[in-house]
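Beneath this line is the structure, given in structure tokens, with notes to follow.
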Amino acid sequence: MKRENFDPYPGRIYENNGGGQFICISGGDDPNSWIMKNISSGWTFEAHGIGMYEDGTIDWNYSTGGYFDKMRKWESQSEVLNEAVKTFGKEKQVDMMIEEMSELTKALLDERRGRGMKINISEEIADVQIMIEQMKIIFENADVVDGFRDEKIARLAIRVSALKTGGEE
Ligand SMILES: [Mg+2]
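Count along the sequence shown from 1, then add 175; that gives the number in this note's numbering.
Below, the structure is given as structure tokens:
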């Protein structure tokens with residue numbers, strides 16, 4: 176199977192070619208290494224030279240510094256997201272946001288054409304949500320976003336209940 180060099184994204188989960196699921200925690204000490212964690216065992220290590228196969232699974236050339244995640248370097252998901260923004264920077268993560276939105280668009284269109292799988296939509300929604308969280312970190316506007324969200328949902332509630340009342344008459 177063809178294998179190509181691959182840069183994983185922090186916060187995303189990848190299937191290992193030999194089995195097991197691994198979350199990318201952050202970039203490693205050199206440009207070609209990444210901190211990866213086996214999500215079931217907690218085994219965390221630096222993976223050097225990650226490659227992705229045609230079927231979307233990954234592996235790495237070798238790994239160093241493995242430990243069981245007892246130290247809990249990453250206490251929460253928001254730490255991972257903050258670190259992702261720090262590691263990759265605004266430009267790269269905004270690109271990723273755009274890319275993930277188009278992947279969700281494609282998954283929805285596939286579904287509409289009867290070709291889609293529900294699992295794809297679920298995964299793409301999760302990807303978009305993860306990137307949205309990072310956008311709020313980058314643009315430092317979580318409060319403003321939440322304000323708009325509350326306001327818009329309140330307005331939507333009025334519209335929906337107006338329509339419902341109208342329909343019942
Ligand atoms: Mg995606």
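All residues carry an ideal CB built from backbone N, CA and C; glycine is no exception.
As the structure is a computational prediction, the values presented were derived from the model and not from experiment.
Nearest residue (CA-CA) to residue i, options the options
i: L198; options: V255, E299, R288, S297; result: Reading off the sequence shown, one finds Ile at residue 198, where the question assumed Leu. Considering only alpha carbons, the answer is V255.
i: V303; options: R334, F243, D321, V269; result: V269
i: I190; options: I233, T280, A282; result: Ile is not the amino acid found at residue 190; the sequence shown has Glu there. The shortest C-alpha separation from E190 is found at I233.
i: G226; options: E298, G240, W235, F220; result: W235
i: A282; options: D318, V260, T219, S297; result: S297
i: I200; options: R178, K261, Y228; result: K261
i: L279; options: E286, I328, E299; result: E299
i: R187; options: D204, N180, A259; result: A259
i: N257; options: Y228, I333, Y184; result: Y184
i: E229; options: I273, Y237, N180, M211; result: N180
i: D182; options: M211, G193, M176; result: M211
i: M276; options: I307, S253, D285, R288; result: I307
i: M271; options: R324, Q309, D325; result: Q309
Three-state secondary structure (DSSP) of residue i
i: G241; result: strand
i: N295; result: helix
i: W220; result: The sequence shown places Phe at residue 220, not Trp. Here F220 sits in strand by DSSP.
i: E179; result: strand
i: S201; result: strand
i: E315; result: coil
i: D230; result: coil
i: N207; result: coil
i: I300; result: helix
i: I188; result: strand
i: I273; result: helix
i: I307; result: helix
i: I214; result: coil
i: G341; result: helix
Distance between beta carbons of residue j and residue i, contact taken as under 8 Å
i: S215; j: G195; result: 7 Å
i: N207; j: G224; result: 6 Å
i: G241; j: W218; result: 6 Å
i: D204; j: E221; result: 7 Å
Exercise for the section: Pair every Cβ in the region 334–343 with every Cβ in the region 278–295, then say whether three or more of these pairs are closer than 8 Å. Expected result: no
Practice task
Go through the residues and name those whose CB comes closer than 6 Å to any heavy atom of ligand 1, in chain order.
Solution key: E275, E278, E299, D302
Practice task
Report yes or no: do three or more beta-carbon pairs, one from the region 260–277 and one from the region 307–319, lie closer than 8 Å?
Solution key: yes
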